[in-house]
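Peer 1: Dropping a structure here in structure tokens format, bear with me for questions.
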Amino acid sequence: MIATRIKSLAVRGFRAYGAAEQTLNLPSDIAVIWGPNSKGKTSLAEAFEFLLTGRISRRELMASAQDEFADALRNAHLLEDAEVYVTASMVAVDGKSHEVRRVLTGDYAKRQDCTSRLEIDGAVSTQTDLEALGIVLSQPPLEAPVLAQHTLSYIFSVRPQDRATYFKTLLEVTDLDDLRNDIAALESDLYPPADPLLGKFDALPHKVQLRFMRHTVPDAATLVAKIDEAAGALITEAGEQVPETLDKRLAEIDRILVVRRSKTFPVRNFDFTQLVGWNPPAADVWTRIDAYLDESKKVDEQTRQLVALFDEAMKLPAISEITEPVDCPLCATQSAMTPERVQLIRQHIEHSQDFKTSEKIARSALAQLLASADALGTAAEAALPKYLKAKPAVRRASGFTIARIRKLLGDGTDEIISAWLATVRPLSKAAIALRTRASVTRALVEKQTSELTTGLDTEKLRSEFAALAKCRAQLAIAIGTYKEPVTSLCAALNDVLDTQSDTVGWQNFLDIARQPEELRRSLVEGKVRITVAQELKSALRQIDLAKEKVLDDKFSDYSGLIQDWWERLRPDEPTFFSTVQFRKGAKRTIDFKAGLSANVDRSAPKVRDVIAIFSQSQLHCLGLAMFLARAQHEGLGFIVLDDPVLSSDEDYRVHFNSTVLSELLKIPMQVIVLTQDHNTWKELDLRYRHLSIATAQLFVDAPAEGTLIENTSDVLLAKINRARSLARGGHPDLRKECGIQLRDAGERFCKEILVKERHDKGDAAACLTDYDGKTLEWLCPHVEPLLVHDPSHPGKLAVFRNTVNNACHDNTPPGNAGMTQACGDILFLVKDYLRP
Amino acid sequence: MEDLQSNNAKHLGQKNNSERLLTHLEEDSLAARLVQSYCRRDPAKPIESMKAVLQERIQQVRDTIDRHKD
């Protein structure tokens, strides 16, 4: 797999870097950058870090000094509107070149993080997009593969607890803690809202031998049998005769319970009957009464009186069968009885019969109304608790008094009693109102029935029954309000009475015994939850053990890697790094152990804590070994090491420069070393020249302009950069030196152009040494025809040559502006033709 | 962060921490199934898959009790 490689880094306005963009070229797998103290090395390392993470770890590590980092990222001398950014050109894991850019959009402020915008190939991007390029960050605080001096010193200077946390994140196992916590949090899912039935089961009297069911839930039949058995045992223990069936046994227990409770207090006086259901008279009732009224209109009173006479007359064939008028048999009026009149008499008789039928039906309907009113009156009476139905004297004589209740319940129960009392009066009033109304209704119905034929008033009846229904509804509401407080009061009272009558838990037994199916379901569910909760606890223990093994594995892996890097840094020392491990019995503490051996072969070492016995140099070395181990373990494509070797540590430096860097390059890994030690810089340049090591130097001409980067491995650019810094010098000698540098740069530019042109034409053998000894006077005329990108380019080169010639001769060199212009011209041509 | 570690592991062809953890757990144990569901979790509902495993286990125990006792 291809690992990500950084090919160049451009910095503008970031920390020590000024308004002019500075570019660090990184063409090969190894680069070394030299800079004296306070010349921008750490700023450069932090530029890498900022690019990758959007922050700098130094602020995270120095928590107490976070406020001090206010405005720390933006160069202090930068103009207000100047953009601050770090840009890297890189070849990513996809094998393609990409430009990654981080623009600072808000600097650190007091108690406020910095903000930035990440762009990849010109598009605003996220950290996830960065990961897609193969740049996968580690856990904070050291997210980026950048090691700085302050990181190393931090590891060994913080409190032991912080160090443990620090190493824990370094070794990246906190995700397992998160996993473990998430799983532990599942336990709450195992406990749904409390099951009242199980609550009663758990509060059964000790003598009821059913508790085993919590652990072994029996089948339904066995459960009922066991309840039956327990009921029998309870009755026997109470000294009573045990009935045959379970229902009877439960009824007997209920009876015994009431009797025992009543010995202390007439608790049955609280009993009341449910208010029976009642519907207002159906529409049919009123329809039947209305039908009667209709019929009564058809037959007047006189007709009704004559109906008997009509009946008799129609029994006479001489009348009922006439076809011609005949004399009236009653009054003898001649021809008074005509066929038409006989027909009329027949009609009267029929109407009278309908009327009689409807009257019968109406009386039946009125009887229904009477029964309905009576039923409500009775229901109202029954719905009252016994203590409200009894006369006060009788009630008091039975011991049912509020004072007695207060005494039984004791202190602190006023609220329960008050809540109950508050509902008693409305209940009583509503019951009396219904009862009274029912009496009134009854009287009305009776009256209407007796006056059926003369004065039936259905509207009055309807209105009365509507009023009755309203009274019933009010009683139903009063009962509903009464139930809860009286249930609470009875429960509290029964608890006291049960204690005094040795019947504690009996009620619970009755409640569960009457719902065997529900009880079994609850027992099964309870057993399931307990079982799975135990399994979850066991799973957590297994995870804890496995987590320790993972940590041990990882620590073992890391220990091996750290040991390897330690040995490369400090081979053959009698004091050596031994292992990294959790402290026994203190999981929050991580120990680094060192071996102390008196023997050359390190045999029989004494193991001690590194913090206690390692020198500053050794601790520093251990920090570096750990960082390298992690980089290797994570397969990072590149690392940045800011002064990885203490300047006082000469022996250790040798091993770093040779063995350590060689091993890193073998992995392979791109290594960018920043050093203040000039010898190291020179040594690495020589040692890794075969790998085309990139070298650069950092310097500051003017504080306001910030750090400048001189890419010294690119001879041409190095000379131009050097000349640029000299061009600004006021002294003529500096400008003369600038001219010399520029002349060399110009000659180099011309030679590279000529070689490139020959390579393009297929002359692979062309090289710079072919033009040894050639000066600008010879080179420029050969090169000018090749500068074809723009007609002005040959002229730029000609003016450049004149300026440089003037500067290099004995006469006074051109002024700053002329020299700066010459630098700009040659740099422009280099970038346009050779270093696009 | 775990996802980053997974990415690291992918780049390296190594096991991440959760996968390492699984190697130390008994196969098909509740612990292993919970860890597996954690590895496969939907980032939008991180706990849901583990809850599902627990509910599945609750149902298994419920069925076992009913099968043996009814």
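Sequence lines, in order, name chains U and P.
Going by this note's numbering, the first sequence opens with residue 1, and the numbers climb by one from there.
Going by this note's numbering, the second sequence opens with residue 1001, and the numbers climb by one from there.
In this text, a Cβ means the ideal position worked out from N, Cα and C, and glycines have one as well.
These figures come from a predicted structure and were not determined experimentally.
#1: Could you confirm whether any beta carbon from chain P is found closer than 9 angstroms to the beta carbon of T531 of chain U?
#2: Specify, as a first and last residue, the run of the beta strand (DSSP E) that D642 of chain U falls within.
#3: Following the continuous beta strand (DSSP E) through Y85 of chain U, name the residue where it begins and the one where it ends.
#4: Is the Cβ-Cβ distance between T128 of chain U and L142 of chain U less than 9 angstroms?
#5: For the stretch 513 to 540 of chain U, list every residue whose C-beta sits within 8 angstroms of some C-beta in chain P, in sequence order.
#6: Would you call the CB atoms of L742 of chain U and A718 of chain U closer than 9 angstroms?
#7: Per DSSP, which one or two residues make a beta bridge with T115 of chain U?
#8: L24 of chain U bridges to which residues according to DSSP?
#9: What residues are listed by DSSP as bridge partners for W838 of chain U?
#10: Which residue from U:A144, U:L306, U:S364, U:L376 puts its Cα closest to that of R346 of chain U?
#11: Mind checking which residues open and close the beta strand (DSSP E) that includes D609 of chain U?
#12: Does any C-beta atom of chain P lie closer than 9 angstroms to the C-beta of Q542 of chain U?
#13: State whether the stretch 394 to 404 of chain U contacts the stretch 460 to 480 of chain U, with contact taken as three or more CB pairs (one from each stretch) at a distance under 8 angstroms.
#14: Would you kindly check if the distance between the Cβ of C114 of chain U and the Cβ of G199 of chain U is under 9 angstroms?
#15: Using a Cβ-Cβ distance under 9 angstroms, would A1031 of chain P count as near chain U?
#16: Taking R1062 of chain P as the query, report the chain U residues whose CB atoms sit under 7 angstroms from its CB, ordered along the chain.
#17: Applying the 10 Å Cβ sphere with the 16-neighbour rule, what's the burial state of E252 of chain U?
#18: Can you list, in chain order, the residues of its chain with a C-beta nearer than 6 angstroms to that of F48 of chain U? Leave out the 5 residues immediately preceding and following it.
#19: Within the chosen definition, does the stretch 481 to 488 of chain U reach the stretch 178 to 195 of chain U through at least 3 CB pairs nearer than 8 angstroms?
#20: Any beta-carbon of chain P closer than 9 angstroms to the one on K7 of chain U?
#21: Which residues mark the beginning and the end of the beta strand (DSSP E) in which T446 of chain U is found?
#22: Secondary structure at S1018 of chain P, three-state DSSP: helix, strand or coil?
#23: State whether the stretch 433 to 448 of chain U contacts the stretch 366 to 386 of chain U, with contact taken as three or more CB pairs (one from each stretch) at a distance under 8 angstroms.
#24: Does the distance from the C-beta atom of F201 of chain U to that of S522 of chain U stay below 9 angstroms?
#25: What does the Cβ neighbour count give for W681 of chain U, buried or exposed, with the cut at 16 atoms within 10 Å?
#26: Comparing the C-beta of D1028 of chain P with each C-beta of chain U, is any distance below 9 angstroms?
#27: For chain P, find out if any of its Cβ atoms is closer than 9 angstroms to the Cβ of L545 of chain U; answer yes or no.
#28: Assuming C750 of chain U and V783 of chain U are in contact, meaning their beta carbons sit under 8 angstroms apart, how far apart are those beta carbons, in whole angstroms?
#29: For Y17 of chain U, which three-state DSSP category applies?
#30: Kindly list, in the order they appear in chain U, the residues whose Cβ is closer than 9 angstroms to that of S1049 of chain P.
#31: Under the DSSP definition of a beta bridge, which residues are partnered with E99 of chain U?
#32: Is there a C-beta anywhere in chain U that falls below 9 angstroms from the one on R1057 of chain P?
#33: Anything in chain U within Cβ reach of R1020 of chain P, meaning under 7 angstroms, just list it in chain order.
#34: At a cut of 8 angstroms, does the stretch 817 to 831 of chain U reach the stretch 769 to 779 of chain U through at least three beta carbon pairs?
#35: Is the Cβ of L52 of chain U closer than 9 angstroms to any Cβ of chain P?
#36: How big is the Cα-Cα spacing for E240 of chain U and A221 of chain U?
Peer 2: On the basis of the coordinates in this document:
#1: yes
#2: 638 to 642
#3: 85 to 91
#4: no
#5: If the cut-off is 8 angstroms between Cβ atoms, the stretch 513 to 540 of chain U has V524, E525, K527, V528, R529, T531, V532, E535, L536, S538, A539, L540 near chain P.
#6: No, Cβ-Cβ distance for L742 of chain U and A718 of chain U is not below 9 angstroms.
#7: U:G106
#8: U:L9
#9: Residue 838 of chain U cannot be examined here, being either before or after the span of chain U that is shown, 1 to 836.
#10: U:L306
#11: 606 to 609
#12: Under the Cβ distance rule, Q542 of chain U counts among the residues neighbouring chain P, one pair being separated by less than 9 angstroms.
#13: no
#14: no
#15: yes
#16: From the beta-carbon of R1062 of chain P, the residues of chain U found nearer than 7 angstroms are V524, V528.
#17: buried
#18: V146, V640
#19: These segments do not touch.
#20: no
#21: Note that residue 446 of chain U is Glu in the sequence shown here, rather than Thr. It is not in any beta strand (DSSP E) - E446 of chain U instead sits in the alpha helix (DSSP H) that spans 414 to 450.
#22: Of the three classes helix, strand and coil, the one that applies to S1018 of chain P here is helix, per DSSP.
#23: yes
#24: Against a cut-off of 9 angstroms, the Cβ pair of S522 of chain U and F201 of chain U comes out as a contact.
#25: buried
#26: no
#27: yes
#28: Indeed they touch by this definition, with Cβ atoms about 5 angstroms apart.
#29: Looking at Y17 of chain U - three-state DSSP - the assignment turns out to be strand.
#30: For S1049 of chain P, there are no neighbours in chain U by C-beta distance under 9 angstroms, as the nearest C-beta there is about 10 angstroms away.
#31: U:S89
#32: yes
#33: Residues of chain U passing the Cβ test: V550, D553.
#34: no
#35: no
#36: 26 angstroms
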